[in-house]
Structure formats: C-alpha cells, structure tokens
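Notes to accompany the following structure.
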Amino acid sequence: MAKTAITPTRDQDYPGWYQQVVRSADLAENSPVRGCMVIKPWGYGIWENMQAVLDRMFKDTGHENAYFPLFIPKSFLEKEAEHVEGFAKECAVVTHHRLEPGPDGGLVPAGKLEEPLIVRPTSETIIGHMFAKWIESYRDLPLKINQWANVVRWEMRVRLFLRTAEFLWQEGHTAHATKEEALEETRLMLDVYADFAENYMAMPVIKGEKTVGERFPGADTTYSIEAMMQDRKALQAGTSHFLGQNFSKAQEIKFQDKEGNESFAWTTSWGVSTRLIGALIMTHSDDDGLVLPPKLAPKQVVICPVIRKDEERDQVMEYCKSLEAELKAAQYDGQQVRVTIDARDVRGGEKKWHHVKRGVPIRIEAGPRDIESDSVFVGRRDQPKSSGMGRSEFVAKVGEILGEIQDGLFQRALAYREENTRTFKSLDKFKKYFTPKNADKPEVHGGFAKCYFVDCAEVDEMLKPLKVTPRCIPLDQEEAEEGRCIFTGKPTKTVGVFGKSY
RNA sequence: CGGGGUGUAGCGCAGUCUGGCUAGCGCACCUGGUUUGGGACCAGGGGGUCGAAGGUUCGAAUCCUUUCACCCCGACCA
C-alpha cells in the first residue's frame, strides 16, 4: 500500500480523515471551551482571502459594511414568532455583568442584568431595529448593509469549521420598497455566492430554493447553494433569504412611498461562514492532506532551497530570492503571485510533505544543479509527479499553471458530482440508492438524487427513515414538464435534489 | 439531549480484562557524528499530575463512584 500523509484515508474513515487534514494542515484546533475553535494562521489566511473576494463582490453590487453589536436584548428576539422558535434552543444568554469573589475562593457572577442579553445567533432583529430608525421615506431605500462578524449558536454536535458554537461569517441585510426588488436582491446575492463558490473555491454548486421544511425561520423563501463533498453528502454552503414583510412588520420598518402612503419595507438577508473552509477541505483534499484552489491559497508558490553544503548556501539563497522577486512581479487573478521561501533547516523530504499537507498549489525546489541549468524543479499539488522546467519559462507560465490547477480542481469536483448524481422515477430505486451497503458505515451511500416531488409534510415524513432530505429545488429546472411525485404519485412540475447532508 | 466508543509525552498507540520492579513503543523534539535532489542513519538525551475529582487497597494507568472532553450514530442545525 502506498504511504499516504494522512491516516486514516478517506475510504477508511472519512470523518477521521477530515480531522487529520484540519490538524495536519494547521488550520484550526479545538479550544478549551467546548464547541469553539482556534483558527490558526494558515486557516485564517484562507478566510482572509475569502473575505477579500466576497467583500469586493458585495461592494460591487452596492453594499456597504457596518457593524452591529454582539448582544441583543432578549425582547428583540421575541418579536418574530418563527424566528424565536428557530433559534431559541441554541442561544447563549448573558445574565450577569460582574464577578465577585465567592465563598470557595473562586469567582461568582454578581450584578444580575435587568433584561438578559442574547449573544447574536444572527442579527436580523438588531439590524431590523436600526433599519426602522433609519428608514423614513422611499428615498432611504434600498438600504443595503453587510457586516462581518462572529455569531454564536449553542450546537449539540460540533465539528471544526462545519459546525462550531462560535463561527465567523458575513451577514447581508437589505430593505427595499417593493417585493420584486427584494426578490431580485435575494437572487442576485445567491448568484454572487455561486460565482464565488465555483470561480474561487473551484467548488461546483447547485443553486436552488429550499423546501418549506428547510427554510430559514422567519423567511418567506430561502435559497441556497448546495455542494457535494467527497463522501457524497451535501453541504449547504451559503443561503439567501427573502424575508418578505415578516421582519418589517414585527419591527415596524416602515416608509412613506411617493404617494405619501405608509408601507412596510421588504427585507432580505444572506450569509456565508467559515463553514466554507470545511467545504473547501472536503471538496478537494486527498489522502496526502489539504488541496487548495490557487485563488484562495494563502501562499500559491513555496520555494524550497536545496542546500547540501554550506559553501552553496549563499548562491542558492541568492537564486531563490531573485526567483521570489520575479514571481512576485508575475500576476495571477489580477494580483501578484503569493510566494514564500521556506529556508527552514529541515530535511528536504520533510519540508516537501509539510507543504503538501498544507495544500500549497506549487512547490519549487531549487539547488546547485538547477542553478547550473538555469531551471527549477516544479511540483504541483494536483499532480503526483514533479518535473524540471526552465526558470524563465516557469516565471512566464506561473499564472497559467495556477489557472490550470484552479480549473482542474473545479472540473474534477464537477465530474465527481455528476458521476454521483442520478435521476429517479421509482421510489424503490430511490430507497435502494440511499440504503447503505454496510450498516456499520452508513456514511457510504449513493450521492445526489433528482426526482419529481411535491413539497409537503407527507414527503418529509417518508424521507425521514432514509435520513435523506430535500436539499433544494434547483433554479435551472431543465424543462417544466409535467411529472409525477415519486413519493405521493401526485402530478407535479417540481424537481428536487435529495441527499444526505451535513 | 439519548445510544455507543475513546481519553496514557506534540502526534499515533501498547499496557487496563487478571492491581505489584523506575509507565513503555514508533514518529516528532534536543545534542554529537555520519549523510545529503529527498518523508535518512548511528549514538546519547529531554519531555508524562496515565483527562479530572473522590473512593477501595499495603500498593491503582489498571477496580468502584462522580465528572469533563473528544469521536461515531440519532434528534437539531450555516
């Protein structure tokens, strides 16, 4: 058996593999507080790159950043009935504002708050409250705000990046004069997310509408992008909600229209989180560790000097430094290439695997022999073999190679999803598809299933024993042909994507 | 929160059933040497409240009780 850098492998134990990748790539660690994570520099670097791209996209579509507080008065959360129901169970509550020495030498909470504060699980209520103050006339609309923040949801089951008690995200909140405009905004931001997922994360996604049962609490319509992970489970990677007038009515976000009539604004909200890093890991990484799409990699090229004797040191370092400078002058994705020299005094093989595990797209090794032939030794993270290349040729081509890697990752992920997506006309076959071959390893199952269905509680009930959920109703329905719901037999035009999910 | 599992050095583990020399192994780390286009080799070395607390015992990593954390499955969820 070939030696892999990560044990267990994906086939042996997928969740175990995921944890090891996160650890081996130095992305994050658990914190002393259950459910919280420490994001380490390499992991945070990915997040910073995601932020930079998304932030630009938000601004390009007319949004402005602002910041709203971490604490929300309990009474705010109580205003929107469905919203409360959805989030109440997982809210962290602050009840005191002071610590005093206790009888046993420790500290005990003192100074009880008059009204408990909720640590935001999301900010619709506090932002809505402010919107109500800011919006008076149609001239104040649309109001399009985004905030980068942390939120807390006290989850029962946590997993680094995929579900943590505290996570980082962005939440966009907008208010509009008309329903049409708000709907358009909801769809536009979904498109932004899909664009980001596919063209930056190299992760193919299905854009769709959520079924009634999967909707955001308080929304009229929820859209999402859904991606397939390598264990063929679905991961919801971003959501965009059309909130109708639910929140504006609950919070009195009113404005005067041109005719002088008072009406409620139409609002939206949309978000992506550090969960995207989990998505990235599970879309591309292999049994040797993390694989990063070049556009989001904190470092795109690492140069490893090969120094055998001390006398060679200066010459080799000189060669590497000038190469670094040339690469920094090169462009990829409209920016200078992100390159670093790893001059640590560790053995070459070890150094190589360090960068393999962290998913650096291109590794360069440069030693006396390369200097002699004015070349470099190039290893690509998406290919097993390394090869030599002329130095100037490499410098000229570095952007192109990064582009090839980026595209290759997307194509590979897309092919994987297509291979594992099937259309079903019979319920028996659908059930068989989702029945694990091995009861001890229930995570090994079919993939995505497409079929006609009717969005109703009856279908949800039928799916429960299979542990399958409707992921979304894809927006690009091939044809609106009439079909039959494979669960109920009723006529329908709706096609859904089904799968097991994170 | 329910069921199952695991906590022993930074990482991966053995030892626990059947209590008994100074708690071990591999990798990593430090020192010296030999190596050098590859996850090296030899020698020496550092590092442990055996998850935590309490109990049983002459004696506890090992038995009992409680508790915490992590993992898997379920319910819930970005």
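Counting from 514, one number per residue, gives the positions in the first sequence under my numbering.
A virtual CB, placed ideally from N, CA and C, is assigned to each residue, including glycine.
| Query | Result |
| --- | --- |
| Other residues of its chain near VAL671: CB distance less than 8 angstroms, five sequence neighbours each side excluded | ARG547, GLY548, THR677 and ALA678 |
| Between the CA atoms of GLY685 and ALA838 - distance to the nearest angstrom | 39 angstroms |
| GLU878, DSSP secondary structure in three states | strand |
| Cβ-Cβ distance between ILE918 and ASP895 below 8 angstroms | yes |
| Among ALA623, HIS689, GLN660 and SER636, nearest to ARG652 - alpha-carbon criterion | HIS689 |
| PHE947 and VAL981 closer than 8 angstroms at C-beta | yes |
| Residue range of the alpha helix (DSSP H) that includes GLY757 | Per DSSP, GLY757 belongs to no alpha helix (DSSP H) and is neither H nor E. |
| Beta-carbon proximity of GLY960 to MET716, cut-off 8 angstroms | no |
| Through-space distance from ASN933 to LYS944, alpha-carbon basis | 15 angstroms |
| ILE766 (DSSP reduced to helix, strand or coil) | coil |
| Exposed unless 16 or more other CB atoms sit within 10 angstroms - verdict on ASN663 | exposed |
| Close-in-space but distant-in-sequence residues of the same chain around SER900 (CB under 7 angstroms, 5 per side omitted) | VAL891 |
| Rounded C-alpha distance that separates PRO955 from ILE559 | Reliability of the predicted coordinates at PRO955 is poor, the pLDDT of 48 falling under 50, and the value obtained from them is presented with this limitation in mind. Whole-angstrom Cα-Cα distance: 31 angstroms. |
| Coil, strand or helix - LYS963 by DSSP | strand |
| Three-state secondary structure assigned by DSSP to HIS686 | strand |
| Continuous beta strand (DSSP E) stretch holding HIS576: start and end | Where HIS576 is concerned, there is no enclosing beta strand (DSSP E), given that its DSSP letter is neither H nor E. |
| N- and C-terminal bounds of the alpha helix (DSSP H) containing CYS833 | 826-842 |
| DSSP three-state assignment for TYR736, whether helix, strand or coil | strand |
| Contact test: GLN758 Cβ vs the ligand COA heavy atom, cutoff 7 angstroms | By its list of ligands, the structure shown contains no ligand whatsoever, and the ligand COA lies outside what it can speak to. |
| Assigned secondary structure, PRO955 (DSSP; H/G/I helix, E/B strand, else coil) | Confidence at PRO955 is low in this model, with a pLDDT of 48, below 50, so the placement of that residue should be treated as unreliable; the coordinate-derived value is given next. Here PRO955 sits in coil by DSSP. |
| Same chain only: Cβ atoms within 8 angstroms of LEU612, ignoring 5 sequence neighbours per side | LEU620, VAL621, PRO622 and ALA623 |
| Nearest-angstrom Cα separation, counted from VAL705 out to GLU570 | Reading off the sequence shown, one finds Met at residue 570, where the question assumed Glu. MET570 and VAL705: Cα-Cα distance of roughly 7 angstroms. |
| Three-state secondary structure (DSSP) of MET716 | coil |
| DSSP state of THR787 mapped onto helix, strand, coil | coil |
| Straight-line Cα distance separating LYS841 from ARG851 | 7 angstroms |
| Through-space distance from SER786 to LEU583, alpha-carbon basis | 16 angstroms |
| Per-residue DSSP class, three states only, for PHE1011 | strand |
| Within 8 angstroms, strictly: CB atoms of TRP647 and GLN683 | no |
| ASN663 in three-state terms, based on DSSP | strand |
| Rounded straight-line distance, which links the Cα of PRO545 to that of GLY641 | 34 angstroms |
| 8 angstroms Cβ cutoff met for LEU803 and GLY872 | yes |
| Straight-line Cα distance separating LEU793 from VAL1008 | 27 angstroms |
| First and last residue of the uninterrupted beta strand (DSSP E) at MET550 | 550-552 |
| Proximity to ALA856 [Cα-Cα], best of LEU979, GLU831, GLY791 and ALA928 | GLU831 |
| Minimum C-alpha distance to SER1014 - residue among HIS797, GLN743, GLY1002 and PRO818 | GLN743 |
| Alpha helix (DSSP H) segments (min. 4 residues) lying fully within the stretch 568-655 | 587-590, 594-600 and 637-647 |
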